[in-house]
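I have placed the structure first, in the form of structure tokens, so that the comments after it can refer back to it.
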Amino acid sequence: MHIEISTRHGGLVPETQAYIHDKAEKLLKYFGRLMAIEVEVEHLKHSWLVEIFVSAEHKHDFIAREEGPTPESAMDQCVHKIEQQLRRYKEKVTHHKGEVSLGEISPASDDLPESPEPA
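Under my numbering, the first residue of the sequence shown is numbered 16, with each subsequent residue one higher.
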């Protein structure tokens, strides 16, 4: 998996870059089939803007954008948004054995009235 960190209008100190890289790497524990993570950091007038672009297998892309007083705080908030997206996506694609899909009724459901016995 490839992690790319880029900055607009300035640079980041090595400690901040390492922090952002570590946070981005932790996204793998939520969904292991990630192909690439791009983090863009921009210094605005009185705040920092962090954007994360995550590419997963089968052309699924996730994007989060957050603004904060420091790049670390903006990254934390942004990672939280991406984590939620990845969790929802993983639940959607994971098929649990014996689970009934939405809109379907299982044949052994207790809610169904029993059919009359043929005489």
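No residue lacks a Cβ here, since even glycine has one placed at the ideal position from N, Cα and C.
Considering just the uninterrupted stretch of the alpha helix (DSSP H) at residue i, what are its terminal residues?
i          : result
residue 88 : 86-108
residue 72 : First-last for residue 72: undefined, no H or E at that position.
Return the chain-ordered list of same chain residues with a C-beta closer than 6 Å to the C-beta of residue i, the five sequence neighbours on each side being excluded.
i           : result
residue 55  : 21, 66
residue 100 : 77
residue 35  : 20, 54, 90
Beta-carbon within less than 8 Å of residue i's beta-carbon, same chain only, minus the 5 sequence neighbours each way: which residues are those?
i           : result
residue 19  : 51, 52, 53, 54
residue 113 : Only weak support exists for where residue 113 lies, its pLDDT of 49 falling under 50; the coordinates are left without a value.
residue 48  : 71, 72
residue 32  : 20
residue 75  : 104
So residue i packs on residue j, CB below 8 Å; how close in whole Å?
i           : j          : result
residue 108 : residue 38 : Contact flag wrong, Cβ pair sits at about 24 Å.
residue 104 : residue 68 : Residue 104 to residue 68, Cβ: 15 Å. No contact.
DSSP three-state call for residue i: helix, strand or coil?
i           : result
residue 42  : helix
residue 113 : Reliability of the predicted coordinates at residue 113 is poor, the pLDDT of 49 falling under 50, and no value is obtained from them.
residue 24  : coil
residue 17  : strand
Could you spell out where the beta strand (DSSP E) holding residue i opens and where it closes?
i          : result
residue 49 : 49-58
Who are the Cβ neighbours of residue i in its own chain at under 7 Å, not counting the five residues just before and after it?
i          : result
residue 89 : 63, 64, 65, 81, 82, 83
residue 17 : 51
residue 24 : 57, 58
residue 92 : 81, 83
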